[in-house]
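Reading the sequence shown from the start, the letters are residues 553 to 1049 in this note's numbering. Worksheet: one structure, shown below.
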Amino acid sequence: MNDIRDSHESSPAPTESSLPSSDADAQSPEPPLTRWERIRIGLLRAVAIFGAFLFVAMALGAFSAVYTSRPQFCRSCHNMEPYYVSWQESSHSHVSCIECHFPPGVGEEIRGKMLGLVQLAKYVTASAGPRPSAEISDASCLRSGCHETRLLAGKVDFNGIPFDHTPHLSSLRRGKKLRCTSCHSQIVQGSHMTVTKTTCFLCHFKGQHFNEGLGTCTRCHQIPTKVFDLGGGVTFDHNLSYERGVNCASCHGDLTRGDGEVPHERCTVCHNRQHDLDRIDDHQFLHQKHVTDHKVDCLECHLQIKHSADPNRIEHAANNCVSCHPDQHRKQIDMFEGIGGKSTPDTPNSMASARITCASCHQSKEITASGTVLWAASTKTCAQCHDNTTIDRLWTIHESLRKALDTLDTCVVNLRNALLKADMDANRSAEIGKQLDNAASDLKFLRTANGIHNIHYASSLTHGLVRNLSELCRELNITPLQVDLPAKLVLPKGDRP
């Protein structure tokens, strides 16, 4: 026992170092960090902060990319409003702006976004022009899901005209490489990315003779198959004229007006550097830069060429003659247009409605004894468009109407004599006198104007004279008017060649 007690008593007292290891570690100071450990921790913290910043930036960037890709964002700038409205009303309203304005590919989209930032900066700093410009590549139009099969689709209908995209995009047209936007132009006042027919006219008619080369009528138009009823059993069929080789220009030569030239002052609207203007006559260079490399609407440079029936063609044709000769054919022109008579309503000629002019029929050159050159019409000219049966019928009617004029002249004279002897109210007498003056005027008009220029109007006018003079004969109690006329020719409404 003493040994045990002595051993306990002789044991030294516990010290801090003799405590359990866990307690010793908790109370011992941490060893100092090494230099490389401090660098590693700093780098980890920097990476964490940068990662968080990058994540936020990417999230904001993704949100901005999506938000700024919406068409509604494009209209934030007021000068984009007309384009946005036209896009909304177009067939592309379901297609986002960037799908057309950014070519396919991530790189092109990034490039487009950068250009968009530049445009936004210009808008904010008020340095942007009122008409923003944009390019649309063929790759955007022909991308998958859009018009990738357009070049293989063959002909499509364009306002009744068969059109094929392949030759226009794959081959040089008049020595020029075209793009989709060469024809599909942005028109603020109209549809978005539509085709303007005036662009077609510029290529097909500039520097071309009518109905030749690119301007050949049958390139776009089919020969009308409809048989037109001209009244009185008279018909007209375009196939007959076509089979006989009649040039469309014989009747429709007024359909193109304008030369499509480029006034030099239009170049200075965009260019003011002399070295740019030095190449103003280098057409190949100009079209390469403006048509192939960049989308510049043709009509921003070229004057417009119109392709339609000229409502004043007959007047223009007459003015060409009047510039040298007295206006001695005014009555014939009035007859042709179905105006000038007083005994019947106006009756336009079918040929006048089709804008056929004097030269279409007056093709036979004659020289008088005095050396005067005349361009006469003949039944040979009629035969280019009408069959012989129709020509014979029209000529018979014309001769019958012309022979009736002498009888009608005599009737007017007899009525004037009877009026002098008649015992009637002064007002009624004056009214009949005016009617006789109108009848005499119409008879002179029929003789001068030559009813063959508008057989329907001549027929209507002559029948009106017979009706009015017959009533006056009965009223003044003189011998009834005896005149043999063919049936009145009635021109069907709304049936014009």
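Glycine is no exception: its CB is placed at the ideal position from the N, C-alpha and C atoms.
Around the CB of residue 843, 16 or more other CB atoms lie within 10 Å, so the residue is classed as buried.
Taking the C-beta atoms as reference points, residue 859 is found nearer than 8 Å to residue 807. Sequence-distant partners of residue 884 (beyond 5 residues in either direction) whose C-beta falls short of 7 Å from its own C-beta, in its chain, are 1001, 1002, 1005.
Residue pairing by DSSP leaves residue 986 without any beta bridge partner.
With contact defined as three or more Cβ pairs closer than 8 Å, the region 966-978 and the region 1022-1034 are in contact. Excluding residues up to 5 positions away in sequence, 744 lie with their Cβ nearer than 6 Å to the Cβ of residue 638 in the same chain. Approximately 6 Å separates the beta-carbon atoms of residue 926 and residue 920; this is inside 8 Å, confirming the contact. Boundaries of the beta strand (DSSP E) around residue 709: 707-710.
Assignment of residue 830 by DSSP, reduced to helix, strand and coil, places it in the coil class.
If you compare the alpha carbons of 894, 714, 1007 with that of residue 996, the shortest gap goes to 894. Here residue 725 carries a strand assignment [DSSP, helix/strand/coil].
In chain order, 960, 963, 964, 967, 991, 1033 place their CB closer than 8 Å to the CB of residue 1021, counting only its own chain and leaving out the 5 sequence neighbours on each side. Taking a contact as a CB-CB distance under 8 Å, the pair residue 889 and residue 897 does not count as one, their CB atoms being some 13 Å apart. The region 974-1024 is shown to contain whole alpha helix (DSSP H) runs of 4 or more residues at 978-1001, in chain order. Cβ neighbours of residue 892 within its own chain (closer than 8 Å, five residues either side excluded): 883, 886, 997, 1001. With distances taken between CA atoms, residue 809 lies nearest to 756 out of 756, 653, 610, 839.
Under the criterion of beta carbons closer than 8 Å, residue 935 and residue 803 do not qualify as touching, at roughly 14 Å. Short of 7 Å from the beta carbon of residue 760, and not among the five residues preceding or following it, lie these beta carbons of its own chain, in chain order: 766, 767.
Rounded to whole angstroms, the gap between the alpha carbons of residue 855 and residue 823 is 18 Å.
Residue environment: residue 730 is assigned as buried (16 or more neighbouring CB atoms within 10 Å of its CB, all protein chains considered). Using a C-beta cut-off of 8 Å, the region 974-992 makes no contact with the region 949-959, since fewer than three inter-stretch Cβ pairs fall below that distance. In the DSSP assignment, residue 787 is bridged to 781. In the structure shown, residue 587 adopts helical secondary structure according to DSSP, grouped into three states.
DSSP lists 926 as the beta-bridge partner residues of residue 918. Here residue 808 carries a strand assignment [DSSP, helix/strand/coil]. If you check the CB distance, residue 715 and residue 857 do not come in under 8 Å. Beta-bridge annotation (DSSP): residue 746 is paired with 737. Residue 932 carries a helical assignment under DSSP once its states are collapsed to helix, strand and coil.
DSSP lists 809 as the bridge partner or partners of residue 858. Distance from residue 650 to residue 847 at the Cβ level is roughly 17 Å; contact not present, criterion being Cβ atoms closer than 8 Å. The three-state secondary structure of residue 715, taken from DSSP, is strand. Put simply, the backbone Cα of residue 656 is about 44 Å away from that of residue 592.
Residue nearest to residue 881 within the set 776, 861, 910, 951 is 910 (criterion: CA-CA distance). Residue ranges of uninterrupted alpha helix (DSSP H) with 4 or more members, entirely inside the region 616-661 and ordered along the chain, are 623-626, 633-640, 649-653. Around the beta carbon of residue 834, fewer than 16 other beta carbons sit within 10 angstroms, so the residue counts as exposed. Residue 1024 is positioned such that its CB atom lies no closer than 8 Å to that of residue 994.
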